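Notes for the one structure printed next.
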Amino acid sequence: MYQVIKMYGDWEPWWFIEGWQDDIVEEQAFENWQDALSFYKKEWQQLKNDYPSYHSQKNLLATFWTKSDKRWCEDCGDDLQQYHSILLLKDKDIIPMENYLESFETRNDIPKAPYTCKINL
Numbered sequence: 010m011y012q013v014i015k016m017y018g019d020w021e022p023w024w025f026i027e028g029w030q031d032d033i034v035e036e037q038a039f040e041n042w043q044d045a046l047s048f049y050k051k052e053w054q055q056l057k058n059d060y061p062s063y064h065s066q067k068n069l070l071a072t073f074w075t076k077s078d079k080r081w082c083e084d085c086g087d088d089l090q091q092y093h094s095i096l097l098l099k100d101k102d103i104i105p106m107e108n109y110l111e112s113f114e115t116r117n118d119i120p121k122a123p124y125t126c127k128i129n130l
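For the sequence shown, position 36 (counting from the first letter as 1) is numbered 45 according to my numbering, and the numbering increases by one without interruption.
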């Protein structure tokens with residue numbers, strides 16, 4: 010079973026920070042790879058069109074953002090960038106390497122990680 014998950018929050022999807030599922034805003038399940046990939050590609054392109062900054066990886070984890078979209082964090086005393094992310098997972102885990110797609114290894118910006126924030130990595 011494959012899942013295409015959309016998230017919105019403080020962290021890029023590849024961190025899988027404890028509680029990352031709390032940032033899920035949409036999830037679609039698919040029985041086969043081609044249907045999941047087709048849906049992912051369509052949603053990925055829409056996010057790329059909607060947000061000026063992006064960082065995408067060949068393992069089909071990607072994040073998109075607008076630099077002005079931030080929230081204040083009391084714990085770290087800083088404005089945290091907010092990210093719109095999309096993931097294509099297999100059985101709720103990163104897809105196998107044989108499904109990686111080099112064409113999705115692209116970015117036009119580098120996300121600023123909130124290193125000062127108190128988190129459990």
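Glycine included, C-beta positions come from ideal geometry on N, C-alpha and C.
Source: prediction; values computed, not measured.
Of all alpha-carbon atoms in Met10, Glu114, Gln12, the one lying nearest the alpha-carbon of His64 is that of Glu114. Excluding residues up to 5 positions away in sequence, Ile14, Met16 lie with their Cβ nearer than 6 Å to the Cβ of Ile33 in the same chain. Secondary structure note for Asp44: it is in no beta strand (DSSP E), and the uninterrupted alpha helix (DSSP H) holding it is 42-59. Between the alpha carbons of Gly86 and Phe48 lies a gap of roughly 38 Å. The DSSP-derived three-state label of Glu114 is coil. For Val13, DSSP records a beta bridge to Gln37, Leu97.
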